[in-house]
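*Asks:* Note that the protein sequences, when read in sequence, are chains P and X. So for the first sequence, our numbering puts the first residue at 102; every next one is plus one. So for the second sequence, our numbering puts the first residue at 102; every next one is plus one. Note that the Cβ used here is the ideal one computed from N, Cα and C, for glycine as well. Submitted below is the structure of interest, expressed as structure tokens.
2 protein chains.
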Amino acid sequence: MRSEEAFPRLRALGFAEPDAQALAAHFLDAERTGRYGHGLSRIEWLGTLDGIDPGARPRRELSEPGYERWRGDGALGYLVLAAVVEAQLAHPPEPARIVVCSDTFPTGALGYWARQLAEGGLVAALTATSPRRLGHPDGGPKLTGTNPLAIAIPSSDGRPLVVDVSMGRVTYGDVIRGAATDEELVPFGGDRAHKAFALAVGLQLLVDSLAGPDHGAVLLVARPEHDPVPAFRELAQGVRLPGDRGLAL
Amino acid sequence: MRSEEAFPRLRALGFAEPDAQALAAHFLDAERTGRYGHGLSRIEWLGTLDGIDPGARPRRELSEPGYERWRGDGALGYLVLAAVVEAQLAHPPEPARIVVCSDTFPTGALGYWARQLAEGGLVAALTATSPRRLGHPDGGPKLTGTNPLAIAIPSSDGRPLVVDVSMGRVTYGDVIRGAATDEELVPFGGDRAHKAFALAVGLQLLVDSLAGPDHGAVLLVARPEHDPVPAFRELAQGVRLPGDRGLAL
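In structure tokens, the structure reads:
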């Protein structure tokens, strides 16, 4: 699929113009930054998902100081996170907030959403669950999603630092687009793969305990009290830092 | 050092009885669960640290719905986290809270503190920074601490699930006690070590942006809305899950 086909194809799937725009922006950003597994190949994949309701709207069920709960209500996870990000930027936490999203799938490249918050001046840490595709490195049933953790920190130099790490050796998106096999989708880490597996288990149950049994997401969003990124870049002396080349890890 | 020496040695370092008890409990738990790098070897190491004030008390600077800020004020990080855990259990979040701890070092085995929260019925995710000991897998300056992430989930079966993963291939505690060399203290992951490095960078800057340039800790603590652990254990069909044998990862 070519870039210019993204928006009309999404409109053809039934999405209203602003939703199709939000979705196309995510997929095209993924292509631009080399996250092909989260890119245009997903548009075709969306057409294969059951129970997609292009007209569904995410709903904020609860809003308290320091806490919000959202529900997808049939909307794509991408659109839930787009709405959550927009709401946080419109009403930033004072000084911190946990946002729990239920019924929220698929969520795409989490660093894309976290980066938007950091570009708006907020610190963000975001994780999300997905179908169980990782098992224990020694074998056994598939127990967790690839459960990425994205962390984004604003910077006074205008270049937020964004980290986005999934616990899989390869991404499921790579499997979908044929760049990796299903057998390669194991916890990363080689002889230390039990560590990535443990992180996947912890993030899985963190989300499950707050958002419930359906796929969900948990976001920590906060106003920064300090501005550590410029000094960190200086300390790094030109070492390539995560997110700087825009490539997924 | 033998177990029974822990408490008197800590008293001899000048700690009052309840603080010496809290510290000894942490070190002895680390020994019992195989986390020797966080165990009794640390008592001798404490004696070598500059600027330790055994009489210092951690201070809660700010307490709002969903947010607390604590400061070590010269107290050992262990004792800051002990006070934070006690305060959360005494006044649980409704439903979630971010706790930012400045001037908080050393913090020990984070899973120990997270487990206490889960045993009290609360979900916990805890990270903390420490001296810069990890660099980019390709080389360059040391940029981040080993920056563990601990996640603990309460369970109606009485067995919380606790994950505690540092981003280093070995622990600094192992280096201190001679079980590993300094050269082995690199991001874990082999050919995917850039992923563990990215996580270390993200957690470093998350803590730095909220807690400031001194070592610190950030805790997410929440009441669970769901009880996913029993079903997860059933799904795992006897696969060894993180924390179950009590061994550090």
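#1: Figure out for me which residue from X:E326, X:A113, X:G344 has the closest Cα to the Cα of X:L262.
#2: Could you pull out every residue in the same chain whose Cβ sits closer than 7 Å to the Cβ of P:P242, ignoring the five residues on either side in sequence?
#3: Any idea if X:R103 is buried or exposed, counting beta-carbon neighbours within 10 angstroms, 16 or more meaning buried?
#4: Considering Cα atoms alone, identify which of X:H295, X:F289, X:K296 is closest to P:R293.
#5: To which residues of the same chain is P:A107 closer than 7 Å at the C-beta, ignoring the five residues directly before and after it?
#6: Exposed or buried, what is P:Q305 when buried is set at 16 or more other beta-carbons lying within 10 Å of its beta-carbon?
#7: Nearer than 6 Å: is that true of the beta carbon of X:L311 relative to any heavy atom of the ligand NAP?
#8: Taking CB distances under 7 Å as the criterion, tell me whether X:L348 reaches chain P.
#9: With 7 Å as the threshold, decide whether the Cβ of X:P261 is near any Cβ in chain P.
#10: Could you have a look at P:L150 and say whether DSSP puts it in helix, strand or coil?
#11: Tell me which residue opens and which closes the alpha helix (DSSP H) that P:L180 is part of.
#12: Against chain X, does P:F206 count as a neighbour if the rule is that its beta carbon must be under 7 Å from one of theirs?
#13: Consult DSSP for P:A226 and reduce its assignment to one of helix, strand or coil.
#14: Could you check whether the Cβ of X:D258 sits closer than 7 Å to any Cβ belonging to chain P?
#15: Taking a cut of 7 Å between CB atoms, which residues from the region 221–246 of chain P lie near chain X?
#16: Looking only at its own chain, which residues have a Cβ that is under 7 Å from the Cβ of P:V186, when we skip the five neighbours before and after it?
#17: If the cut is a Cβ gap below 9 Å, which residues of chain X does P:S310 touch?
#18: Might you give, ordered along the chain, the residues of its own chain that have their beta carbon closer than 6 Å to the beta carbon of X:D154, omitting 5 neighbours on each side?
#19: Starting from P:E165, trace the beta strand (DSSP E) in both directions and tell me its first and last residue.
#20: Report the residue from P:P119, P:Y168, P:E220 whose alpha carbon sits nearest the alpha carbon of P:G156.
#21: Please confirm if the region 296–305 of chain X is in contact with the region 332–343 of chain P, defined as three or more CB-CB distances below 8 Å between the two stretches.
#22: Hey, X:V181 and X:C202: beta-carbon distance below 7 Å or not?
#23: Under 8 Å, with one C-beta from each stretch per pair, do the region 166–173 of chain X and the region 190–201 of chain P reach the 3-pair mark?
#24: Quick one: which chain P residues come within Cβ less than 9 Å of X:Q338?
#25: By the criterion of Cβ-Cβ separation under 8 Å, what are the contact partners of P:Y213 in chain X?
#26: In the DSSP assignment, find the beta strand (DSSP E) that holds P:Y273 and state where it starts and stops.
#27: For X:A126, return the contacting residues in chain P, with the cut-off set at a CB-CB distance below 7 Å.
#28: Which residues does DSSP pair with P:S203 in a beta bridge?
*Replies:* Reading it off the structure:
#1: As a position in the second sequence, residue 262 of chain X is number 161, starting the count at 1. Residue X:G344 is the option with its Cα nearest to X:L262.
#2: What you label residue 242 of chain P is simply residue 141 of the first sequence in a count that begins at 1. G236, listed in sequence order.
#3: Your numbering for residue 103 of chain X matches position 2 in the second sequence. Exposed, since its Cβ has fewer than 16 Cβ neighbours within 10 Å.
#4: Walking along the first sequence from the start, residue 293 of chain P turns up at place 192. Checked all of X:H295, X:F289, X:K296; the closest Cα to P:R293 is X:F289.
#5: What you label residue 107 of chain P is simply residue 6 of the first sequence in a count that begins at 1. Same-chain partners within the cutoff: A125, F128, L129, L141, I144.
#6: Here residue 305 of chain P is taken as the residue at index 204 of the first sequence, counted from 1. Result: buried.
#7: Among the components of this structure there are no ligands whatsoever, and the ligand NAP is therefore not found.
#8: Stepping through the second sequence from its first residue, residue 348 of chain X is reached at position 247. For X:L348, the predicted model reports a pLDDT of 45, less than 50, meaning its position is unreliable; a value from the coordinates is still stated below. Output row for X:L348: interface = no.
#9: Here residue 261 of chain X refers to the residue found at position 160 of the second sequence. No - not a single Cβ of chain P is within 7 Å of the one on X:P261.
#10: In the first sequence, the residue the question calls residue 150 of chain P occupies position 49. Residue state, collapsed to three classes: coil.
#11: Here residue 180 of chain P is taken as the residue at index 79 of the first sequence, counted from 1. From DSSP, the alpha helix (DSSP H) with P:L180 extends over 178–191.
#12: One-based indexing of the first sequence puts residue 206 of chain P at position 105. Cβ-Cβ to chain X under 7 Å: no for P:F206.
#13: Position 125 of the first sequence, counting from 1, holds the residue named residue 226 of chain P. Three-state result, P:A226: strand.
#14: Here residue 258 of chain X is taken as the residue at index 157 of the second sequence, counted from 1. Not an interface residue.
#15: V224, A226, H237, G241, P242, L244
#16: The residue labelled residue 186 of chain P in the question sits at position 85 within the first sequence. Only W214, Q217, L218 meet the Cβ criterion.
#17: Here residue 310 of chain P refers to the residue found at position 209 when the first sequence is read from its first residue. Correct list: V224, I254, P255, A323, P325, E326, H327, D328, P329, V330.
#18: As a position in the second sequence, residue 154 of chain X is number 53, starting the count at 1. Cβ neighbours of X:D154 beyond the five flanking positions: G175.
#19: As a first step, residue 165 of chain P is located in the first sequence; it is residue number 64 there, counting from the start. Counting along the chain, the beta strand (DSSP E) containing P:E165 begins and ends at 160–165.
#20: Here residue 156 of chain P corresponds to residue number 55 of the first sequence, with the count starting at 1. It is P:P119.
#21: yes
#22: Taking the first residue of the second sequence as 1, we reach residue 181 of chain X at position 80. Taking the first residue of the second sequence as 1, we reach residue 202 of chain X at position 101. Result yes, Cβ atoms of X:V181 and X:C202 sit closer than 7 Å.
#23: yes
#24: Taking the second sequence and counting its residues from 1, one reaches residue 338 of chain X at position 237. Correct list: G241, P242.
#25: Within the first sequence, numbered from 1, the residue matching residue 213 of chain P stands at position 112. Ordered by position in chain X, no residue passes the 8 Å Cβ test against P:Y213, which lies about 15 Å from the chain.
#26: Along the first sequence, one-based indexing puts residue 273 of chain P at 172. From DSSP, P:Y273 is part of no beta strand (DSSP E) but of the alpha helix (DSSP H) over 273–277.
#27: Your numbering for residue 126 of chain X matches position 25 in the second sequence. Simply none; closest approach about 23 Å.
#28: Taking the first sequence and counting its residues from 1, one reaches residue 203 of chain P at position 102. Paired residue(s): P:R172.
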